[in-house]
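Worksheet for the structure shown next.
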Amino acid sequence: MEENRPIARFDDRTGAGRQLAAYLKRFIEGQDSVVLAIPVGGVPVAAAMSSELNLPLDLIISRRIVAPGVVSDTGEENLGAITPDRTLVVNAERAEQLGVTAEQIEQLSIAVWADA
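Residues in the sequence shown are numbered consecutively from 61, following my numbering.
This is the structure we're talking about:
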């Protein structure tokens, strides 16, 4: 096993969703709530949460904003995402670490949105 490899906190995404649901249950009781999932990886987590909490499930369909010229050991490096309603979410800390400016992120998001 690699020394720098992170230790998994959950057996799988469904188990993670169940544990998260158990934690959140006290916060949402009596609230009008919905579970939102971001495909693909977030769907198993959200589906388990939705089932455990007896809440409706909906999807947020977004497109990735990829860091220019950066490839990680798992593939492209994502800086954030943009939704169909043009909501932009950015990992500002990671963008700063990579030296990607706000102007570059805006240009990347425009290009991603145009390709949708």
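Idealized CB from N, CA, C, for every residue including glycine.
Residue from the options whose Cα sits closest to the Cα of residue i
i: LEU158; options: ARG86, ASN138, VAL95, PRO144; result: ASN138
i: GLU112; options: TYR83, LEU119, GLN167; result: TYR83
i: ALA108; options: LYS85, GLU166, ILE121; result: LYS85
i: GLY102; options: ARG78, PHE87, ASP92, SER93; result: ARG78
i: VAL126; options: ILE67, LEU115, GLU136; result: GLU136
Inter-residue Cα distance where the pair is residue i and residue j
i: ALA152; j: THR161; result: 9 Å
i: MET61; j: ARG69; result: Legend: pLDDT at MET61 = 46, less than 50; position of this residue unreliable, value from coordinates given subsequently. Approximately 16 Å between the Cα atoms of the pair.
i: ASP145; j: ILE165; result: 17 Å
i: ASP187; j: PRO99; result: The displayed coordinates of the chain run from 61 to 176. Any statement about residue 187 would go beyond what the structure contains.
i: PRO104; j: ARG73; result: 6 Å
i: PRO128; j: ILE67; result: 29 Å
i: GLN167; j: GLY90; result: 42 Å
i: LEU148; j: ALA76; result: 26 Å
i: ILE170; j: GLY140; result: 13 Å
Cβ-Cβ distance between residue i and residue j below 8 Å
i: ILE120; j: ALA97; result: yes
i: SER110; j: PRO116; result: yes
Segments of 3+ residues assigned as beta strand (DSSP E) that fall wholly inside the segment 77-153: 95-97, 117-119, 123-132, 135-142, 148-150
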